[in-house]
Amino acid sequence: MTMNRILSNDKQRLQDVQELARKTIHIVKEDQIAFTGSEVIQVPGVLLCDPILSNDEKIYWMFLRRATQANSYQRMPDQTELAAEMRISRASIITYTKMLRATRWLTIVGTHKENNLPTRHFYVIHERPISIEETLGLDGDYIAFLEESCKGRTERLVQYCRNTLAVRANRQLHNLAGLGDVKNFDSGDAS
């Protein structure tokens, strides 16, 4: 779609909204709102209210969601492209990706290696943080990732990973002691 056509469509949508407002303003009893854009990104309410993620990390999730279609793989925008589009640093993109992975909003389900080095990852983003069991079933390197992230410089990420590992260790001890399953592990309380 050319820019002139987009602008023409936007102008028509605005005119349609103005006409609708003119026709209905005397009928409605409350304030009204309309959306005049074309691209809509569905955002889970759970994401908006996630107490662990920063607003920038939530927006990053939305950028990733925009690049995907349900149940199919799309080309993952590269970090430089995403950084430019979001007007942030590439280092921030790397940190946001790690935080989404740590909190299980994003999972690596496959890695392609050349000369024993990872060259490509296959990611899945989720509409909610998935459970630790689901994550381990999809991402066999998740625990190693958490352990490695504990050595990083981003304090929030380090603290979250440490807490998640501690909660997991406590859960395993609890289960070994025969006290049953700990139910709140996946409640997002590993902050």
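For the sequence shown, the residue numbers in our numbering are 2 to 192. C-beta: ideal position from N, C-alpha, C; glycine also. These numbers were taken from a predicted model, which means no experiment stands behind them.
Of the residues the options, the one placed nearest residue i, counting alpha carbons only
| i | options | result |
| --- | --- | --- |
| I42 | R67, I144, I89 | R67 |
| T96 | Q70, E128, L54 | L54 |
| E135 | N56, I109, T81, E149 | I109 |
| H1 | W106, T120, R76 | Absent from the structure is residue 1, since the part of the chain shown begins at 2 and ends at 192. |
| Y61 | G138, R169, I28, Q80 | Q80 |
| V168 | T155, K152, I144 | I144 |
| R154 | A92, Q13, H175, I133 | A92 |
| L49 | Q75, R102, R129 | R129 |
| Y124 | T112, E149, N116, N117 | T112 |
| W44 | I28, T69, E20 | For the record, residue 44 in the displayed sequence is Val; it is not Trp. Closest option to V44, Cα to Cα, is T69. |
Where residue i falls, given that 16 or more other Cβ within 10 Å makes a residue buried
| i | result |
| --- | --- |
| T104 | buried |
| C162 | buried |
| T1 | Here the chain comprises residues numbered 2 to 192, so residue 1 is not present and cannot be evaluated. |
| I131 | buried |
| S90 | exposed |
| T120 | exposed |
| L147 | buried |
| L118 | exposed |
| R76 | exposed |
| I94 | buried |
Inter-residue spacing [alpha-carbon to alpha-carbon] between residue i and residue j
| i | j | result |
| --- | --- | --- |
| D140 | K114 | 15 Å |
| D142 | R88 | 30 Å |
| D51 | D17 | 36 Å |
| M63 | K24 | 35 Å |
| N116 | H122 | 15 Å |
| N171 | Q13 | 60 Å |
| L205 | E58 | Missing from the structure shown is residue 205; the chain here goes from 2 to 192 and no further. |
| I133 | L83 | 28 Å |
| Q173 | G138 | 17 Å |
| T165 | M100 | 12 Å |
| V159 | G46 | 26 Å |
| K152 | E20 | 58 Å |
| A85 | P78 | 11 Å |
| I28 | R157 | 50 Å |
DSSP beta-bridge partners of residue i
| i | result |
| --- | --- |
| P119 | K114 |
| L107 | I126 |
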